[in-house]
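Residue numbers (this note's numbering): 64 to 169.
Every residue, glycine too, gets a C-beta built ideally from N, C-alpha and C.
Bear in mind that the values here come from a model prediction, so they are computed numbers and not experimental data.
Below is one structure, written out as structure tokens; the observations come after it.
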Ligand code: FES
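Dropping the structure here:
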């Protein structure tokens, strides 16, 4: 998690994010993917695989990770780190719920 952020931005309802899926929000040049797990935990990562910039938001969410749709690297939703033998890290952002509203910390 990223500690520097204090600015919580509402980015929609949790119901807009499919379980085991993601929804993207733009922040300047960056696209941030907000993931929802099967048990309704939320995570926010830059929508860019550390391997070759694949769109993680289109990957499959499972066990606290997302599998990149391009070459199947597995990225931790919590840390943004590639799992197993692969090395690399995607930026993560804090995210929380207030009622049904998803707040992204930027
Ligand atoms: S770009 Fe994600 S695994 Fe290659």
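Whole-number beta carbon distance between residue j and residue i, since they are thought to touch under 8 Å
i           : j           : result
residue 153 : residue 113 : 5 Å
Own chain residues within Cβ distance below 8 Å of residue i, not counting five before or after
i           : result
residue 100 : 82, 83, 106, 124, 127 and 140
residue 158 : 97, 105, 106, 107, 165, 166, 167 and 168
DSSP three-state assignment for residue i, whether helix, strand or coil
i           : result
residue 169 : coil
residue 80  : coil
residue 75  : strand
residue 68  : Unreliable placement is indicated for residue 68, whose pLDDT of 49 sits below 50; the coordinate value is still reported in the next sentence. Three-state result, residue 68: coil.
residue 111 : coil
Endpoints, beta strand (DSSP E) assigned at residue i
i           : result
residue 92  : Counting along the chain, residue 92 falls outside any beta strand (DSSP E), and DSSP gives it neither H nor E.
residue 125 : 123-125
residue 117 : Where residue 117 is concerned, there is no enclosing beta strand (DSSP E), given that its DSSP letter is neither H nor E.
residue 101 : That residue, residue 101, is in no beta strand (DSSP E); it is neither H nor E in DSSP.
residue 159 : 158-161
Beta-carbon contacts of residue i that lie in its chain and below 7 Å, excluding the five residues immediately before and after
i           : result
residue 72  : 166, 167 and 169
residue 173 : Since the first and last residues shown for the chain are 64 and 169, residue 173 lies out of range.
residue 163 : 76, 77 and 78
Cβ neighbours of residue i in the same chain (closer than 6 Å, five flanking residues each side left out)
i           : result
residue 204 : The question about residue 204 has no answer here: the residues shown for the chain are numbered 64 through 169.
residue 133 : 117
residue 87  : 94, 96, 110 and 120
List, from N- to C-terminal side, the beta strand (DSSP E) runs of 3 residues or more that fit wholly inside the segment 128-154. 128-130 and 137-139
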